[in-house]
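Engineer: Going by UniProt numbering, the letters in the sequence shown line up with residues 1 to 68, in that order.
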Amino acid sequence: MTLSQRVSNYRARMRARGFRPVQMWVPDMHSEALVREARRQSVLVAEMDRRADDQDFIEAVSVDWRDE
1 MTLSQRVSNY RARMRARGFR PVQMWVPDMH SEALVREARR QSVLVAEMDR RADDQDFIEA
61 VSVDWRDE
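This is the structure we're talking about:
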């Protein structure tokens, strides 16, 4: 039995069991660009607790909807 026949049989069995094939594209974890972007975003998140001005602004322009 060839590889393509085995794959075909396997897929037929899985379909008979109620499954369907799904192809998913995911980020390439070996990409230097992805590593740099992940690092950049994680640094931004880590610095958020030191940037109180953002939260101060949000609180200043927020409305307490219970009072409306």
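Glycine is no exception: its CB is placed at the ideal position from the N, C-alpha and C atoms.
(1) What are the start and end residues of the alpha helix (DSSP H) that includes residue 40?
(2) Are the CB atoms of residue 11 and residue 21 nearer to each other than 8 angstroms?
(3) Between which two residues does the alpha helix (DSSP H) containing residue 24 stretch?
(4) What is the DSSP secondary structure of residue 62, reduced to helix, strand or coil?
Structural biologist: With the given structure in hand:
(1) 32-47
(2) yes
(3) Element bounds for residue 24: n/a, residue is neither H nor E.
(4) coil
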